[in-house]
Amino acid sequence: MFYFIKNTFIRLGLVTSILLILLSGCFGPTPEKNIYTTLEKVVELEEPFQKQQQPLLELEKKESDLYNQIMNLGMKEFEKIVALSKEAYTLVEQRETKIEAEQKSITSSKKEFQAIAKEIEKIDDENLQEQANELKAIMEERYSTYESLYETYKASISLDKELYTMLQQENLTLEELEAHVKKINDSYKKVMEQNEKFNQLTEQYNKIKLEFYKNAELNVEENKE
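Residues in the sequence shown are numbered from 314 upward in steps of one, following this note's numbering.
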């Protein structure tokens with residue numbers, strides 16, 4: 314008799330535990346909420362990327378000013394050309410450090426973003442799931458565009474380093490200089506094109522992200538962006 318009662322309590326305990334697990338699943342975060350959490354984490358991970366933008370622009374301006382000074386000097390002032398070239402080379406190295414920090418930030422962001430794929434599959438609303446997939450596709454294209462931008466910018470930096478090394482050579486010919494400057498200009502033209510595409514995709518992503526938040530009734534204020 315006591316044995317039967319004891320086992321009854323055990324079974325009741327198991328049933329209670331199962332109910333608690335099921336209920337906790339019902340009241341847990343929705344896929345939409347999990348996606349929101351991931352996307353906001355992505356924003357945090359890209360903060361270092363954002364912080365590199367202004368310093369990079371300032372370094373580019375300083376370097377451009379030095380380049381113009383060098384181009385306005387004649388070979389009689391070769392020692393000054395060498396000094397300015399070394400200074401410009403240092404600025405290029407600083408830009409390289411910034412772009413590496415930028416790339417590291419985007420890589421971390423991309424890794425975090427991948428977590429939304431499984432959550433999208435769990436969304437019940439077909440329209441909302443379709444919008445989430447569109448959001449995912451745009452962000453993936455954005456990451457791909459950044460990788461191309463990063464590689465092109467790195468190649469441009471290498472050309473800049475070569476330029477300032479060449480300018481320290483007294484036997485440098487005008488033809489060699491013009492040919493190398495053309496390579497640099499062509500490279501930075503690609504950088505500008507890829508950067509423009511990256512910015513367009515970023516704007517597109519942010520717009521659709523807010524629409525997704527709104528349609529998923531996540532009650533997110535737009536000024537949080």
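We treat Cβ as the ideally placed atom computed from N, Cα and C, and that holds for glycine. Note that the coordinates shown come from a computational prediction; the quantities given were computed from them, not determined experimentally.
Beta-carbon proximity list for residue i, same chain, < 7 Å, skipping 5 on both sides
i      : result
Leu386 : Lys393, Ile394
Thr515 : Arg455
Asn446 : Ile433
Glu376 : Ala401, Leu404, Val405
Phe362 : Glu415, Ser418, Ile419
Residues near residue i by beta carbon distance below 8 Å, same chain, minus five either side
i      : result
Glu524 : Gln444
Ile470 : Val405, Arg408, Glu409, Ile412
Ser337 : Annotation note: pLDDT 40 at Ser337 (below 50); position unreliable, coordinate value reported separately. If we look at Ser337 and ignore the five residues flanking it on each side, it has no Cβ neighbours.
Ile334 : Per-residue confidence for Ile334 stands at a pLDDT of 36, beneath the threshold of 50, marking its modelled position as unreliable; no derived number is given.
C-beta neighbour in chain C for residue i, strict 8 Å
i      : result
Gln366 : As a matter of chain content, chain C is missing from the structure shown, which is built from one protein chain.
Under 8 Å between C-beta atoms of residue i and residue j
i      : j      : result
Gln416 : Ser461 : no
Lys510 : Thr458 : yes
Ile419 : Tyr456 : yes
Ile348 : Glu425 : no
Ala401 : Tyr463 : no
Leu358 : Lys522 : no
Ile451 : Tyr380 : no
Lys449 : Ala428 : no
Phe391 : Glu475 : no
Lys495 : Leu472 : no
Gln481 : Ser398 : yes
Lys354 : Leu531 : no
Ala468 : Ser500 : yes
Proximal residues to residue i (C-beta, below 6 Å), its chain only, five neighbours per side dropped
i      : result
Met615 : This structure cannot settle anything about residue 615, because the visible part of the chain is limited to 314 through 538.
Any non-hydrogen atom of the ligand FAD closer than 7 Å to residue i Cβ
i      : result
Lys474 : Absence of the ligand FAD is noted for the structure shown, with no ligands found whatsoever.
Nearest-angstrom Cβ-Cβ length linking residue i and residue j, presumed shorter than 8 Å
i      : j      : result
Pro543 : Lys435 : Outside the displayed range of the chain (314 to 538) lies residue 543, so it cannot be described from this structure.
Ala396 : Gln365 : Not a contact, Cβ separation roughly 28 Å.
Which complete alpha helix (DSSP H) runs does the segment 396 to 458 hold, if anything under 4 residues is left out?
The segment 396 to 458 contains these whole alpha helix (DSSP H) runs: 429 to 434.
Counting only runs of 3+ residues fully inside the segment 463 to 527, write out the beta strand (DSSP E) ranges in chain order.
Whole beta strand (DSSP E) segments, 3+ residues: zero.
Segments of 4+ residues assigned as alpha helix (DSSP H) that fall wholly inside the segment 361 to 390:
Those alpha helix (DSSP H) runs which fall completely within the segment 361 to 390 and span 4+ residues do not exist here.
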